[in-house]
Amino acid sequence: MAFIQTLIIDDEELARNRVKRFLKNYDDFNVIGEAKNGADAINKIKTLKPDLLFLDIQMPDLSGFQVLSQAGMKQFPLIVFVTAFSKFALKAFDFYALDYLVKPFDKERFDRCIRQILLRYKQNEQSDLNKQIMALLAQSESQQHLESIRLKQDAIWITLQVQDVIYFEAYGNYLRVHLENENHLHRQTMNELESQLDPKRFVRIHRSLMVNRAFIKQIKYVKNNEYHVLLINGQELKSGRHYRDQVEKLLVN
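Taking the numbering used here, the leading residue of the sequence shown gets 173, the next gets one more, and so forth.
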């Protein structure tokens, strides 16, 4: 677990020192700063971005509640209010305070507070880790491309590997899947299929034709932005004028 970056805010030096002294018993905390009034607290919250605040409620210029309201934080750190008055407890928990220490607190009470902080911090870390994992999984899924096609042929379901397809040819809402020695009809539109295939493997050369790059032998310019794409099986496909850019990228690559 990373250090919990801690900011201590209290107008009383003795109170700040007490918190620092008790924190020295734990290796998980790094005191990154102190503030002795509300204005200084707001400035240090903005610049230091602490994970944890020990925050006095009654200070000469601003209350602890005003500090939180004016700090402009998008996400609150963990908050432990420290005060000589118990009457603010209910309001403190309106700010989702983790704990509320009433002065003078002893080490046993402080240790109990620390246990809560460590538990919550670990929960937050796990939650952040889960979010990162889910984001990576979502990214991974978005980067996955179609590797096989399952289609029905003479009442039998068969699976074709995309890498074996020479090219796809559109027939309305169907596609003719051309392989080396056979072809099959597959119910899907060209646009749908194009969105699922790896663009590094297949290229659309015509509104009705999508070709496997691995099977292209030669590309010849004809006229009017049209090309003839010669395949390694001897077939020759004509590109569409509107797909000139896609074909010319093949010439570069």
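Every residue gets a Cβ at the ideal spot worked out from N, C-alpha and C, and that includes glycine.
| Asked | Found |
| --- | --- |
| At least three beta-carbon pairs within less than 8 Å, the segment 208 to 222 to the segment 231 to 238 | yes |
| In DSSP terms, what Asn355 is bridged to | His350 |
| Whole-number beta carbon distance between Val334 and Leu318, since they are thought to touch under 8 Å | 6 Å |
| 6 Å Cβ shell around Asp200 - same chain, five flanking residues per side excluded | Ile176 |
| Ser320 (DSSP reduced to helix, strand or coil) | strand |
| Nearest residue (CA-CA) to Leu270, options Gln288, Asp336, Arg284 | Gln288 |
| Three-pair Cβ contact test at 8 Å for the segment 237 to 245 versus the segment 217 to 224 | yes |
| Nonlocal neighbours in the same chain, by C-beta distance under 7 Å from Tyr198, ignoring five residues either side | Ile286 |
| Residue range of the unbroken beta strand (DSSP E) whose run includes Asn202 | 201 to 207 |
| Start-to-end residues for the alpha helix (DSSP H) that takes in Phe237 | 236 to 242 |
| Exposure of Thr255, with buried meaning 16 or more beta-carbon neighbours within 10 Å | buried |
| Nearest-angstrom Cα separation, counted from Ser380 out to Asn345 | 11 Å |
| Extent of the continuous alpha helix (DSSP H) run through Leu220 | 210 to 220 |
| Validate contact between the segment 400 to 408 and the segment 361 to 373 using beta carbons, cut 8 Å, 3 pairs | no |
| Simplified DSSP assignment, three categories, for Ala187 | helix |
| N-terminal and C-terminal residue of the alpha helix (DSSP H) that Asn363 is part of | 362 to 368 |
| Exposure of Val337, with buried meaning 16 or more beta-carbon neighbours within 10 Å | buried |
| Bridge partners - Ala342, DSSP secondary structure assignment | Leu347 |
| Candidates Gly244, Leu186, Val419, Pro249: closest to Phe277 by CA position | Leu186 |
| Pick from Phe340, Lys389, Pro222 that is closest to Phe374, judged by C-alpha positions | Phe340 |
| Member of Asn396, Glu398, Leu402 whose CA lies at the smallest distance from the CA of Phe387 | Leu402 |
| Assigned secondary structure, Glu398 (DSSP; H/G/I helix, E/B strand, else coil) | coil |
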